[in-house]
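Here is the structure we will look at.
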Amino acid sequence: MPELPEVEVLVRHLRRTLPGKIVRSVQVNRAKSLRPTSGRQFRLRLTGARFTAISRRGKYMIFELRSRSGGETVRLLGHLGMTGRMFLALKKARIPKHAAVVFDLGRTNFVFEDTRYFGRLSLDLSAVEKLGPEPLEDDFTPEAFAKELKRSRQAIKVKLLDQSVVAGVGNIYASEALFRARISPKKAANQLKQQRIKALRGAIREVLTEAIEFGSTVPVNFDGAKSDGLFYFGRAPGAPDYYEERLRVYDRAGKPCPECGTPIRRIVQAARSTFFCPTCQKV
DNA sequence: CACCATGTTCCTTG
DNA sequence: CCAAGGAACATGGT
1462 MPELPEVEVL VRHLRRTLPG KIVRSVQVNR AKSLRPTSGR QFRLRLTGAR
1512 FTAISRRGKY MIFELRSRSG GETVRLLGHL GMTGRMFLAL KKARIPKHAA
1562 VVFDLGRTNF VFEDTRYFGR LSLDLSAVEK LGPEPLEDDF TPEAFAKELK
1612 RSRQAIKVKL LDQSVVAGVG NIYASEALFR ARISPKKAAN QLKQQRIKAL
1662 RGAIREVLTE AIEFGSTVPV NFDGAKSDGL FYFGRAPGAP DYYEERLRVY
1712 DRAGKPCPEC GTPIRRIVQA ARSTFFCPTC QKV
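Following this note's numbering, the numbering of the first sequence begins with 1462 at its first residue and continues without gaps.
Laid out in structure tokens, this is it:
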């Protein structure tokens, strides 16, 4: 499911349902998903605690709970990796095969399911300290962005995936933002002119904001069954037409560029696919 | 069998 | 110390 917009949409959903719920017990099926927290530590700290708030930083989710004794705040860091999902499900619902953690909340279960187990749910919050600015907040200024980019000769596409430069952009929206800014993914980060950097910053914000809006219109299925196929590539029933081809280049190799008709190309950078229009993205 | 997949971290090399 | 590249983690779809 997961780049910044998908996580943001999920956080907004959970915010409506999770606060107030008390953890009766915790079932840890995959202790590695808690790293570096141990299963024992995890259960001890969370059993009896009440969810109070949920926030997001980059692709990370931060759950706040009040401990059973009432005094202290417990923070939980969640990351969905490539295939992670979190959802509330009725007790009678079948627990998915790759459920890493299941919280018993009384009437419902709160499930962290993660097929590939790249995700994480941990008491260790230190990962967020390494993150760069939130792209949709005010401190993601063109100047701060430029300062980061000037220090690197890496290809700009690869640099956009560096979470210490800007937090939350992933492989899909990196290609999409570069397309909108008309910048070649192969361009060295430190070769970009200030004007192009400004345009790229704007494109990142635009792409992420539109994705959040789109995700908010989609009926996400929190019973767990396929909630993301629709989110990424499809369109909600009755959603506006302009969302139909929401992604303009990602996963569209060989298809015509929506601007000029040139076939979209796929290249590999840092072992990940990049999609771009060789005609529109020349800078 | 091959190759592909929304992510991060660790190790090596320079 | 650093930047940069590649492997590793793990499972499933085509």
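Glycine residues also receive a C-beta, built at the ideal position from the N, C-alpha and C atoms.
Where the alpha helix (DSSP H) containing residue i begins and where it ends
{"i": "PHE1606", "result": "1603–1611"}
{"i": "ASN1632", "result": "1632–1642"}
{"i": "VAL1729", "result": "No alpha helix (DSSP H) contains VAL1729, which is instead part of the beta strand (DSSP E) from 1726–1730."}
{"i": "ARG1733", "result": "Unbroken run through ARG1733 is the beta strand (DSSP E), 1733–1737; no alpha helix (DSSP H)."}
{"i": "SER1645", "result": "Here SER1645 belongs to no alpha helix (DSSP H), and DSSP marks it neither H nor E."}
{"i": "ALA1660", "result": "1655–1678"}
{"i": "VAL1468", "result": "1465–1478"}
{"i": "LEU1622", "result": "It is not in any alpha helix (DSSP H) - LEU1622 carries neither H nor E in the DSSP assignment."}
Exposure label - residue i; buried when at least 16 CB within 10 Å
{"i": "GLY1567", "result": "exposed"}
{"i": "SER1636", "result": "buried"}
{"i": "LYS1743", "result": "exposed"}
{"i": "ALA1731", "result": "exposed"}
{"i": "ARG1612", "result": "exposed"}
{"i": "PRO1497", "result": "exposed"}
{"i": "LYS1591", "result": "exposed"}
{"i": "ARG1501", "result": "exposed"}
{"i": "TYR1703", "result": "Below a pLDDT of 50, predicted positions are generally treated as unreliable, and TYR1703, at 46, falls in that range; the measurement from the model is reported next regardless. TYR1703 comes out exposed."}
{"i": "ASP1575", "result": "buried"}
{"i": "PRO1646", "result": "buried"}
{"i": "ASP1585", "result": "exposed"}
{"i": "LYS1552", "result": "exposed"}
Between the CA atoms of residue j and residue i - distance to the nearest angstrom
{"i": "THR1478", "j": "PRO1724", "result": "44 Å"}
{"i": "PHE1564", "j": "ASN1570", "result": "6 Å"}
{"i": "LYS1618", "j": "GLY1509", "result": "45 Å"}
{"i": "PHE1524", "j": "ARG1485", "result": "16 Å"}
{"i": "ALA1628", "j": "GLU1533", "result": "29 Å"}
{"i": "ALA1714", "j": "ARG1727", "result": "6 Å"}
{"i": "GLY1545", "j": "CYS1718", "result": "31 Å"}
{"i": "ALA1492", "j": "ALA1561", "result": "8 Å"}
Start-to-end residues for the beta strand (DSSP E) that takes in residue i
{"i": "LEU1582", "result": "1581–1583"}
{"i": "ARG1485", "result": "Per DSSP, ARG1485 belongs to no beta strand (DSSP E) and is neither H nor E."}
Residue i CB to nearest heavy atom of the ligand ATP below 8 Å
{"i": "GLY1545", "result": "The ligand ATP is absent from the structure shown, which contains no ligands of any kind."}
Going along the chain, which unbroken runs of the beta strand (DSSP E) with 3 or more residues stay wholly within the region 1498–1584? Segments of the beta strand (DSSP E) lying fully in the region 1498–1584: 1511–1518, 1521–1527, 1534–1540, 1545–1551, 1560–1565, 1569–1575, 1581–1583.
Contact between the region 1590–1609 and the region 1575–1582: three or more CB pairs below 8 Å? At 8 Å Cβ cutoff, the stretches do not touch.
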